[in-house]
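UniProt numbering puts the first residue of the sequence shown at 1, with every later residue one more than the last. Positions of the beta carbon are idealized from the N, C-alpha and C atoms, including for glycine. From a predicted model like this one, the values you see are computed outputs, not experimental measurements. Data first, discussion second: the structure below is written as structure tokens.
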Amino acid sequence: MFDLDLWREIFQSINKNKTRALLSGFTVAFAIMLFTILFGIANGLENTFEKFFIRTAENAITVRFGTTSKPYKGLKIGRQVRPSNKDLDYLEKEFGEDIQYMSPKISRNYQVSYKKQKGGYTVTGVAPDYQYIEKAEIKNGRFLSLKDVNNKEKICVIGRLVEEDLYLKESAVGKYIDLEGVQYKVVGVYSDGGGDSQERVIYLPYTTIQRLYLGKDDIGDISLTYNPNLTVDQALALVEEMTIKLKNRFDVAPNDQRGVRIGNQVLTAKKRLDNISSGLGALIPIIGFGTLIAGILGISNIMIFIVKERTKEIGIRKALGASPKSIVSIILLESILITTITGYLGLLIGVGILESIGSSLERYFITDPSVSSSLLFSATIVLIIAGTIAGFVPAKKASKIKPIIALRNG
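In structure tokens:
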């Protein structure tokens, strides 16, 4: 049952001993506040790492073909390496188990128009898999299909900003777009988190570009994603093996960095960032929980001091007939009340600090620092339990002291 007199007595005790209450409350509030800020910063760093890979799939790599920079096997320097459709089949045969998605990428700049609106855009021939490699999100309509590629259809998928530029307030899906005199039907509109430049690209079936503009089955570069079950080290080994085999296939010198190259900067960066993230993942909890332990120790010391300070009061209570249980209860409830209120206050201060300085931390590669409510709730509960235990032990001991001894010591 709710004992009004007990709670009135608790609030009177806190009011008469403001310094004691503030001291114990400050320890709890500071511990929760510091805990909140530390974990918020850690989460902000992780958000930055995720944002780093938003442009394409995290496991995406690009095979680029260029002009040889070294003579090899009697072949002269400056030879253009030209991959074709059969090289897609070769990669599928050699590395099929380690490849998740794969698409050629033939990019050209063309003048495009719709009615009176016109502009220059990047037109890229791709396969259906490219949607997942580039993380293109369909807003309206659909992406390219295998049927479109096989039939060399004159259809296209345009970026959100292309639709805004050329179609103004109209929907582009179902309408036609003029690509230097050739009409293409728009079957879809996509958005891309990689930025405005990525949303001003027009995708066509790569076979259509080969038929209408190249007159041969050249494929330009090759974009692919490796099996997501591979570790970063395994993926780096895959890149190395793929580079060696493709250089052999095209008679490119092993030390030629221009004829065939596979962009693995993202993989290398990801490995470094994974190592940093793992280090932070281990360090921040240690610091955070160390803060909580420091708070627990602080509460324990304060509660021991509080109980010792109240020895005379406890003796008087016992002399007036108070039971040991009631003495322990009043000390514990006071400890829980102070811990709960100040813990919640520390939580609010910590969250407020993160929100107020969040945008300014981006220069330090900390994006949207925040902490989950469940973690904060758990940390607060831990401190409340710690405060309860910290108050119980000395209170239980003090409740067993004989009144005459308590009055003499007080």
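- Boundaries of the beta strand (DSSP E) around V187: V182 to S191.
- Going by DSSP, F65 is part of the beta strand (DSSP E) stretching over A60 to F65.
- Straight through space, the alpha carbons of Y101 and L146 are spaced by roughly 13 Å.
- In terms of CA proximity to V162, V186 leads the group K400, G44 and V186.
- Annotation: the continuous alpha helix (DSSP H) that includes P324 extends over P324 to I357.
- Annotated three-state conformation of E170 is coil, per DSSP.
- The closest CA to that of I381, considering only I10, L22, A21 and A29, is found on A29.
- Apart from sequence neighbours up to five positions away, the residues of its chain that approach T225 with a beta-carbon distance below 6 Å are A57, N59, A60, Q100, Y101 and I133, ordered along the chain.
- The beta-carbon separation of F35 and A379, rounded to 5 Å, stays under the 8 Å limit for a contact.
- In this structure, L166 places its C-beta atom within 7 Å of the C-beta atom of Q117.
- Between Y206 and A136, the gap from beta carbon to beta carbon reaches 7 Å or more.
- By the C-beta density criterion, L168 is exposed, having fewer than 16 other C-beta atoms within 10 angstroms.
- Around V252, the same chain offers T68, Y72, V81, G259 and V260 as residues with beta carbons nearer than 7 Å, after the five sequence neighbours per side are excluded.
- Taken through DSSP and simplified to helix, strand or coil, S145 comes out as coil.
- Three or more beta-carbon pairs drawn from the segment 189 to 203 and the segment 109 to 129 are found closer than 8 Å, and the two stretches are therefore classed as touching.
- Rounded to whole angstroms, the separation of the alpha carbons of L88 and D221 is 10 Å.
- Counting only residues of its own chain and dropping the five nearest sequence neighbours on each side, F250 has a CB closer than 8 Å to the CB of F65, V81, P83, G259 and V260.
- Rounded to whole angstroms, the gap between the alpha carbons of I336 and S197 is 57 Å.
- Each of E9, P369, I389 and A237 was checked against the Cα of L45, and the nearest Cα belongs to P369.
- Counting only residues of its own chain and dropping the five nearest sequence neighbours on each side, I330 has a CB closer than 8 Å to the CB of L6, E9, I10 and S13.
- Your pair K216 and Q183 does not check out as a contact, with CB atoms roughly 23 Å apart and the cut at 8 Å.
- Under the three-state reduction of DSSP output, K135 falls in the coil class, being neither helix nor strand.
- In the structure shown, the three-state DSSP call for P394 is helix.
- Linking V232 to Q210 through their CA atoms gives a straight-line distance of about 35 Å.
- Within a 10 Å sphere around the beta-carbon of S103 sit 16 or more other beta-carbons, which makes this residue buried.
- Between M33 and G346, the gap from beta carbon to beta carbon is short of 7 Å.
- Per the DSSP secondary-structure output, R108 pairs in a beta bridge with V123.
- For I77 and K70, the gap between their C-alpha atoms comes out near 5 Å.
- Ranking L375, R317 and G358 by CA distance to the CA of S399 puts R317 first.
- T62 sits close to G263, with the two beta carbons spaced by under 7 Å.
- With 16 or more other Cβ atoms from the protein chains shown falling within 10 Å of its own Cβ, P394 counts as buried.
- Following the DSSP letters along the chain, one finds S13 inside the alpha helix (DSSP H) bounded by residues L4 to K16.
- Going by DSSP, R249 is part of the alpha helix (DSSP H) stretching over V232 to R249.
- Taking D218 as reference, the option from G194, S323, S107 and E97 with the minimal CA-CA separation is S107.
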